[in-house]
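Chemist: First the structure, then my questions, so here it is.
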Amino acid sequence: MADEPLVLGIETSCDETGVGIVRGTTLLADAIASSVDEHARFGGVVPEVASRAHLEAMVPTIERALAEAGVNARDLDGIAVTAGPGLAGALLVGVSAAKAYAYALGKPLYGVNHLASHICVDQLEHGPLPEPTMALLVSGGHSSLLLAPDITADVRPMGATIDDAAGEAFDKIARVLDLGFPGGPVIDRLAKEGDPEAIAFPRGLTGPRDPAYDFSFSGLKTAVARWIEAKRNAGEDVPVRDVAASFQEAVVDVLTRKAVRACKDEGVDHLMIGGGVAANSRLRAMAEERCERAGIRLRVPRPKLCTDNGAMVAALGAEMVARNRPASDWELSADSSLPVTDPHVPGEHHPGHGHDHDHVHDHDHVHEVSKDNLYS
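Dropping the structure here:
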């Protein structure tokens, strides 16, 4: 274990300031500072508020992670950071912090992809990822089916949402029902007391001519909102628990149906589910039922590792180091629309440019006074 890479990961793509530390595939620390309460009164994440919260939480959260892991920053083998996709301003805070620490410590910097990190975090729970890995990622910003023959270099999009992501639909329906923000946990809780077959809500993009692996939840969201509106206009009580259960069932049905189909079509005998919505109890239960019937092994990290966190970034960073992937340049920037086909953002000396490469930067230019000032 001592020979495995020790990596610190920073995640600031949305409203969670996450700092994780891993050694190989072993989680040592997972520190999180959330600003979700600051956004609740707005009914959604406010980018400027998130950026300011990241700025205020960054150093204390890094120090807390180092203390929790019981390691010295000088002993790190690298620093990984989410370079995208996500909120531009929020990403910029994380990237800037990662650059500062990497520069001061003389460590290689790895800008990694948020979605690829959500897949890689499962290594901390269930060991090395099979190759290829089929992953269903569902969150407030993403609903994606991805095939990853190599999580550090080859991630292929199979399908994605064409409008609202699953988590976004949960938040919007919760708002219509006056349940607050975020909507996922409260709908999951109320749905357990409701009838999932009470209301026949539509299943988007499930027709014979529809894209096999793409998702659409905008029509479902509209149908649920109109059903609620009709009840209220008629002066009738809205059966909140039945609405929550029926809406949730429609979302989970589509997600699991398409994921299992993708596994069968590609000949992959396992499915990994990640992202914040992967914490949903009904999604986990239906995925387990359908995977078992199809002979597919299901891998789902514990709920805390499904939501945005620094551990997932550190996990992918450690894999980059272990596989000798090229580090990022100091010119690394935040990319709010970083494509999933780029698991990480390498420096200019990487295979596509015809140069020899090594995962360790030449840090001779780092001023020793900087390191002494920060870590004396």
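Using our numbering, you'd call the opening residue of the sequence shown number -10 and step up by one each time. Beta carbons are placed, not taken as given, at the ideal position from N, Cα and C, and that holds for glycine.
Hey, out of Val302, Val334 and Leu179, whose CA is closest to Ala393's CA?
Modeler: Lying outside -10 to 365, the shown extent of the chain, residue 393 is not represented and no answer is given.
Chemist: Out of curiosity, what's the CA-to-CA distance linking Glu27 and Glu(-7)?
Modeler: Along the sequence shown, read from residue 1 onward, the residue named residue 27 stands at position 38. Along the sequence shown, read from residue 1 onward, the residue named residue -7 stands at position 4. Distance between the alpha carbons of Glu27 and Glu(-7) is about 38 Å.
Chemist: Rounded to a whole number of angstroms, what is the C-alpha to C-alpha distance between Gly284 and Glu120?
Modeler: Sequence index remark: in the sequence shown, residue 284 carries index 295 (1-based). Sequence index remark: in the sequence shown, residue 120 carries index 131 (1-based). Taking the straight line from one Cα to the other gives about 17 Å.
Chemist: When you compare only the Cα positions, how much space is there between His43 and Ser85?
Modeler: As a first step, residue 43 is located in the sequence shown; it is residue number 54 there, counting from the start. As a first step, residue 85 is located in the sequence shown; it is residue number 96 there, counting from the start. Each residue's alpha carbon lies about 11 Å from the other.
Chemist: Taking contact to mean 3 or more Cβ pairs, one atom from each stretch, closer than 8 Å, check whether the region 250 to 267 and the region 224 to 239 are in contact.
Modeler: No, they do not touch.
Chemist: How about Val401 and Leu135: are their beta carbons less than 7 Å apart?
Modeler: Not covered by the structure: residue 401. The range shown for the chain is -10 to 365.
Chemist: Output the distance between the C-alpha atoms of Asp19 and Leu179, rounded to the nearest integer angstrom.
Modeler: Position 30 of the sequence shown, counting from 1, holds the residue named residue 19. Position 190 of the sequence shown, counting from 1, holds the residue named residue 179. Distance between the alpha carbons of Asp19 and Leu179: 29 Å.
Chemist: So is Thr71 buried or exposed if we call it buried at 16+ other beta carbons inside 10 Å?
Modeler: Within the sequence shown, the letter at position 82 stands for residue 71. The residue is buried, with at least 16 neighbouring Cβ atoms inside 10 Å.
Chemist: Does the Cβ of Pro74 have 16 or more other Cβ atoms within 10 Å, making it buried, or fewer, making it exposed?
Modeler: In the sequence shown, residue 74 corresponds to position 85, counting from 1. So Pro74 counts as buried.
Chemist: Quick check on His338: does DSSP put it in helix, strand or coil?
Modeler: For the purposes of this step, residue 338 is identified with residue 349 of the sequence shown, where counting begins at 1. Because the pLDDT at His338 is just 49, under 50, the model does not fix this residue reliably, and the value given afterwards should be weighed accordingly. The answer is coil: DSSP assigns His338 none of H, G, I, E or B.
Chemist: Can you have a look at Arg288 and say buried or exposed, based on whether 16 or more other CB atoms are within 10 angstroms of its CB?
Modeler: Against the sequence shown, residue 288 aligns to sequence position 299. That one is buried.
Chemist: Which word fits Thr150, buried or exposed, when buried means at least 16 other C-beta atoms lie within 10 angstroms of its C-beta?
Modeler: Here residue 150 refers to the residue found at position 161 of the sequence shown. That one is buried.
Chemist: With distance defined between alpha-carbon atoms, name the residue in His131, Asp167 and Phe206 nearest to Arg30.
Modeler: Numbered from 1 along the sequence shown, position 41 holds the residue referred to as residue 30. Answer by Cα proximity: Asp167.
Chemist: Between Asn298, Val240 and Gly59, which has its C-alpha nearest Ser132's C-alpha?
Modeler: Along the sequence shown, one-based indexing puts residue 132 at 143. The candidate whose alpha carbon is nearest that of Ser132 is Val240.
Chemist: Does Pro290 come out as helix, strand or coil in the three-state DSSP assignment?
Modeler: Locating residue 290 in the sequence shown gives position 301, counting from the first residue. The answer is coil: DSSP assigns Pro290 none of H, G, I, E or B.
Chemist: Give me whichever residues DSSP pairs with Tyr99 in a beta bridge.
Modeler: By 1-based counting over the sequence shown, the position of residue 99 is 110. For Tyr99, which the question treats as bridged, DSSP gives the partners Ala69.
Chemist: Report the CB separation of Gly78 from Val302 in whole angstroms; it is logged as a contact under 8 Å.
Modeler: Within the sequence shown, the letter at position 89 stands for residue 78. Within the sequence shown, the letter at position 313 stands for residue 302. 18 Å between Cβ atoms; not a contact.
Chemist: Tell me the DSSP bridge mates of Ser106?
Modeler: Residue mapping note: residue 106 aligns to position 117 of the sequence shown, counting from 1. In the DSSP output, where bridge partners are listed per residue, Ser106 has none listed.
Chemist: Leaving out five residues on either side along the sequence, give the residues of the same chain with a beta carbon under 7 Å from the beta carbon of Ser24.
Modeler: The residue given as residue 24 occupies position 35 in the sequence shown. Contacts found: Asp4, Val38, Ala39 and Ala42.
Chemist: At which residue ranges does the region 199 to 278 contain complete beta strand (DSSP E) runs of 3 or more residues, listed in the order of the chain?
Modeler: 259 to 263, all fully within the region 199 to 278.
Chemist: Using only the alpha-carbon positions, how far apart do Val310 and Trp216 sit?
Modeler: Within the sequence shown, residue 310 is the residue found at index 321, counting from 1. Within the sequence shown, residue 216 is the residue found at index 227, counting from 1. Taking the straight line joining both Cα atoms gives about 52 Å.
Chemist: How long is the line joining the alpha carbons of Glu157 and Asn61, rounded to whole angstroms?
Modeler: For the purposes of this step, residue 157 is identified with residue 168 of the sequence shown, where counting begins at 1. For the purposes of this step, residue 61 is identified with residue 72 of the sequence shown, where counting begins at 1. In a straight line, the C-alpha of Glu157 is about 39 Å away from that of Asn61.
Chemist: For Arg178, which three-state DSSP category applies?
Modeler: Residue numbering aside, residue 178 sits at position 189 when the sequence shown is read from its first letter. Here Arg178 sits in helix by DSSP.
Chemist: Would you decide whether Arg282 is buried or exposed? Buried here means 16 or more other CB atoms lie within 10 Å of its CB.
Modeler: On the sequence shown, residue 282 is found 293 positions in, with the first residue counted as 1. Exposed, since its Cβ has fewer than 16 Cβ neighbours within 10 Å.
Chemist: Quick check on the DSSP output: the beta strand (DSSP E) that includes Val329 runs from which residue to which?
Modeler: On the sequence shown, position 340 is the one that residue 329 refers to. From DSSP, Val329 is part of no beta strand (DSSP E); its letter is neither H nor E.
Chemist: Counting along the chain, where does the alpha helix (DSSP H) carrying Val60 start and finish?
Modeler: By 1-based counting over the sequence shown, the position of residue 60 is 71. Run containing Val60: none; DSSP gives neither H nor E here.
Chemist: Does Leu17 come out as helix, strand or coil in the three-state DSSP assignment?
Modeler: As a working note, residue 17 is residue 28 in the sequence shown. Note: Leu17 maps to strand in three-state DSSP.
Chemist: Using beta-carbon positions only, say whether Gly13 and Gly306 come within less than 7 Å of one another.
Modeler: Taking the sequence shown and counting its residues from 1, the one referred to as residue 13 is at position 24. Taking the sequence shown and counting its residues from 1, the one referred to as residue 306 is at position 317. Going by C-beta atoms, Gly13 is not nearer than 7 Å to Gly306.
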